[in-house]
């Protein structure tokens with residue numbers, strides 16, 4: 003029996019043996035002699051069998067199979083550079099385990115991604131044989147993209163965290179390494195803890211100065227600690243801003259790409275943390291803009307985000323939100339649609355109630371928001387039966403809409419968290435080694 007007949011007959015016989023296809027009810031494929039001449043011509047007549055040796059492992063295939071994709075290495079004449087005249091075969095010093103997926107692509111036209119193999123090695127093999135990753139089949143493409151994103155995030159973290167060991171580093175490079183990797187030197191570690199201490203002091207001062215410190219005897223008012231000890235809080239705030247300004251200027255000087263640094267999120271947080279102080283110095287003497295000065299003081303709360311440089315958990319949360327941008331966008335879009343729909347319905351069901359608070363559709367937004375998020379403050383309450391039914395449906399819809407993206411966000415957070423844990427262990431092992 004020929005090889006083509008065996009290829010057609012064996013899978014059928016095995017399936018019948020395990021009971022997938024009862025052999026008594028189905029007929030076996032016809033032997034090669036019964037095949038039509040036209041089929042033989044299409045399959046093998048005029049074709050050439052090729053032997054491909056991949057690091058000692060030999061694969062047999064047909065020339066026409068490879069030439070289905072002429073833009074690739076094996077499908078073009080470039081494969082002749084790897085032909086061994088003595089052995090009468092093509093020899094490639096590549097990974098034989100990954101090559102079977104590449105050869106399967108030529109045979110079936112579907113490229114699969116093996117999840118058990120290294121992503122970098124897989125991409126190197128694809129690049130060597132001239133196959134673009136966009137050809138990966140739909141069944142494996144999402145797994146490939148997820149693995150690629152994880153690998154890029156891990157490599158980015160390793161590049162950021164890996165200390166430079168070159169002796170010819172410039173002063174700017176040493177400064178940037180010290181800022182990004184404070185554990186590389188004692189001086190960098192001291193500066194790291196000093197800035198962290200002043201961030202904590204700044205946040206605490208912003209909170210404590212609002213506490214009533216002295217109640218007035220002849221009125222119902224009180225004096226806040228910020229007004230009672232204005233000079234002391236001003237000195238502390240000035241000291242914190244000076245430290246933050248020095249840190250920002252040093253980072254700006256040492257940044258490898260200053261334009262990219264200025265546009266980064268952390269740079270914007272640094273500017274927002276210190277800029278209101280300097281603007282406020284020029285507004286204190288101008289009584290006409292006292293309201294603007296109070297507004298600027300509100301921006302000091304953004305200094306709490308400076309803790310993200312000192313907290314791995316906050317960084318992981320930021321990476322999670324960034325990786326879940328599409329899911330969060332879907333959540334916001336769904337909530338916006340639900341708010342508009344339910345606000346419109348609740349307005350028309352409650353508009354005829356005397357002294358109703360649902361005076362317009364925008365006025366009903368607040369009720370819809372607190373109901374969708376299951377807060378239910380109770381300041382807006384429907385009185386009609388239809389309004390209560392709409393409110394109940396709105397509450398149940400909010401549970402469903404908010405719950406849908408949560409598993410994806412939790413899964414991404416867990417993935418990034420464990421990824422960072424593994425990276426920390428690898429760094430510790432490298433240091434100990």
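In this note's numbering, the protein residues as written are 3 to 435.
We put the CB at the ideal spot given by N, CA and C, even for glycine.
Please read these numbers as outputs of a predicted model, since none were measured by experiment.
Okay, do the region 315-332 and the region 351-361 touch, 3+ Cβ pairs below 8 Å being the bar?
As far as the Cβ criterion goes, the region 315-332 does not touch the region 351-361, which means the pair count is below three.
Beta-carbon gap between residue 115 and residue 134 smaller than 9 Å
To locate residue 115, count along the chain shown from 1; it is residue 113. To locate residue 134, count along the chain shown from 1; it is residue 132. At a Cβ-Cβ threshold of 9 Å, residue 115 and residue 134 do not count as neighbours.
Is it true that the region 359-366 meets the region 328-338, where meeting means three or more beta-carbon pairs spaced less than 8 Å apart?
Judged by Cβ distances under 8 Å, the region 359-366 makes no contact with the region 328-338, as fewer than three pairs qualify.
So, for residue 67: in the same chain, excluding its five sequence neighbours on each side, which residues have a beta-carbon less than 8 Å away from its beta-carbon?
For this step, residue 67 is matched to residue 65 along the chain shown. Excluding positions up to five away in sequence, the list reads 108, 109.
Flag this pair as yes or no: are the beta carbons of residue 279 and residue 243 separated by less than 9 Å?
Numbered from 1 along the chain shown, position 277 holds the residue referred to as residue 279. Numbered from 1 along the chain shown, position 241 holds the residue referred to as residue 243. Cβ distance < 9 Å, so residue 279 and residue 243 count as in contact.
Proximity below 9 Å, CB of residue 246 to CB of residue 149:
Position 244 of the chain shown, counted from the start, is the residue given in the question as residue 246. Position 147 of the chain shown, counted from the start, is the residue given in the question as residue 149. Contact flag unset, no.
Residue of 144, 382, 100 minimising C-alpha distance to residue 125:
Translated into the one-based positions of the chain shown, residue 125 becomes position 123. Minimum Cα distance to residue 125 is reached at 100.
Could you check how far apart the C-beta atoms of residue 261 and residue 238 are, in whole angstroms? I think they sit under 8 Å.
For the purposes of this step, residue 261 is taken as residue 259 along the chain shown, with counting starting at 1. For the purposes of this step, residue 238 is taken as residue 236 along the chain shown, with counting starting at 1. Incorrect: roughly 34 Å between the Cβ atoms, too far for contact.
For a quick check, are the C-beta atoms of residue 1 and residue 73 less than 9 Å apart?
Residue 1 cannot be examined here, being either before or after the span of the chain that is shown, 3 to 435.
By how many angstroms is the C-alpha of residue 58 removed from the C-alpha of residue 94?
Taking the chain shown and counting its residues from 1, the one referred to as residue 94 is at position 92. Taking the chain shown and counting its residues from 1, the one referred to as residue 58 is at position 56. Distance between residue 94 and residue 58, taken at the CA atoms: about 9 Å.
In angstroms, rounded to a whole number, what distance separates the CA positions of residue 385 and residue 303?
Counting from 1 along the chain shown, the entry for residue 385 is found at position 383. Counting from 1 along the chain shown, the entry for residue 303 is found at position 301. Residue 385 and residue 303: Cα-Cα distance of roughly 40 Å.
Can you tell me which of the three DSSP states residue 422 falls into?
On the chain shown, position 420 is the one that residue 422 refers to. It is helical.
Going by DSSP in three states, residue 75 sits in which element: helix, strand or coil?
Within the chain shown, numbered from 1, the residue matching residue 75 stands at position 73. Looking at residue 75 - three-state DSSP - the assignment turns out to be coil, as it is neither helix nor strand.
Three-state secondary structure (DSSP) at residue 141?
Sequence index remark: in the chain shown, residue 141 carries index 139 (1-based). Correct three-state label for residue 141: helix.
Around the C-beta of residue 146, are 16 or more other C-beta atoms found within 10 angstroms, so that it is buried, or is it exposed?
As a working note, residue 146 is residue 144 in the chain shown. Burial is judged here by how many other beta carbons sit within 10 angstroms of a residue's own beta carbon; residue 146 has at least 16 and is buried.
Contact check, residue 70 vs residue 62 under 8 Å by CB: the rounded distance?
As a first step, residue 70 is located in the chain shown; it is residue number 68 there, counting from the start. As a first step, residue 62 is located in the chain shown; it is residue number 60 there, counting from the start. Contact annotation, residue 70 with residue 62: C-beta distance approximately 16 Å; criterion of less than 8 Å not satisfied.
Report the rounded CA-to-CA distance for residue 122 versus residue 269, giving the unit in angstroms.
The sequence position of residue 122 within the chain shown is 120, counting from 1. The sequence position of residue 269 within the chain shown is 267, counting from 1. Looking at the two C-alpha atoms, the distance is approximately 33 Å.
Bridge partners of residue 64, per DSSP?
Along the chain shown, one-based indexing puts residue 64 at 62. For residue 64, DSSP records a beta bridge to 51.
Residue 383: which of 273, 196, 345, 249 sits nearest, CA to CA?
Start at 1 with the first residue of the chain shown, and residue 383 comes out as number 381. The closest CA to that of residue 383, considering only 273, 196, 345, 249, is found on 345.
Between the alpha carbons of residue 376 and residue 368, how many angstroms are there, rounded?
Position 374 of the chain shown, counted from the first residue, corresponds to residue 376. Position 366 of the chain shown, counted from the first residue, corresponds to residue 368. Straight through space, the alpha carbons of residue 368 and residue 376 are spaced by roughly 12 Å.
Under 8 Å Cβ to Cβ from residue 49, same chain only, skipping five residues before and after it: list those, please.
The residue you call residue 49 lines up with position 47 of the chain shown. The residues are 64, 65, 66.
May I have a chain-ordered list of the beta strand (DSSP E) segments no shorter than 3 residues that lie completely inside the region 80-149?
Listed in chain order, they are 91-94.
Is DSSP giving residue 227 helix, strand or coil here?
The residue you call residue 227 lines up with position 225 of the chain shown. DSSP places residue 227 in the helix class (H, G or I) of the three-state scheme.
Give me the Cβ distance between residue 178 and residue 258, rounded to the nearest whole Å; I'm assuming they're in contact under 8 Å.
In the chain shown, the residue the question calls residue 178 occupies position 176. In the chain shown, the residue the question calls residue 258 occupies position 256. About 6 Å separates the beta carbons of residue 178 and residue 258, which is inside the 8 Å limit, making them a contact pair.
Using the rule of at least 16 other Cβ atoms within 10 Å of the residue's Cβ for burial, across every protein chain shown, is residue 413 buried or exposed?
Within the chain shown, numbered from 1, the residue matching residue 413 stands at position 411. In the assembly as shown, residue 413 is an exposed residue. Its beta-carbon has fewer than 16 other beta-carbons within 10 Å.
Are the CB atoms of residue 306 and residue 205 nearer to each other than 9 Å?
In the chain shown, counting from the first residue as 1, residue 306 sits at position 304. In the chain shown, counting from the first residue as 1, residue 205 sits at position 203. Contact: yes.
Tell me, which residues are paired with residue 403 by DSSP?
Locating residue 403 in the chain shown gives position 401, where the first residue counts as 1. None; residue 403 has no bridge partner.
According to DSSP, is residue 326 part of a helix, a strand, or is it coil?
Your numbering for residue 326 matches position 324 in the chain shown. Under the three-state reduction of DSSP output, residue 326 falls in the coil class, being neither helix nor strand.
What does a CB cutoff of less than 6 Å around residue 390 pick up in its chain, not counting 5 residues either side in sequence?
Taking the first residue of the chain shown as 1, we reach residue 390 at position 388. In its chain, beyond the 5 residues on either side, 384 have a beta carbon closer than 6 Å to the beta carbon of residue 390.
Go ahead and label residue 400 buried or exposed: buried means 16 or more other beta carbons lie within 10 angstroms of its beta carbon, across all protein chains shown.
Counted from its first residue, the chain shown places residue 400 at position 398. Burial call: buried.
Suppose the cutoff is 7 Å on Cβ atoms and the five residues either side in sequence are ignored; what does the same chain contact list for residue 197 look like?
Along the chain shown, one-based indexing puts residue 197 at 195. If we look at residue 197 and ignore the five residues flanking it on each side, its Cβ neighbours are 245, 249.
Which same chain residues, not among the five before or five after residue 301, have their C-beta less than 7 Å away from its C-beta?
For the purposes of this step, residue 301 is taken as the residue at position 299 of the chain shown. Closer than 7 Å at the Cβ level, and outside the excluded window around residue 301, lie 274, 278.
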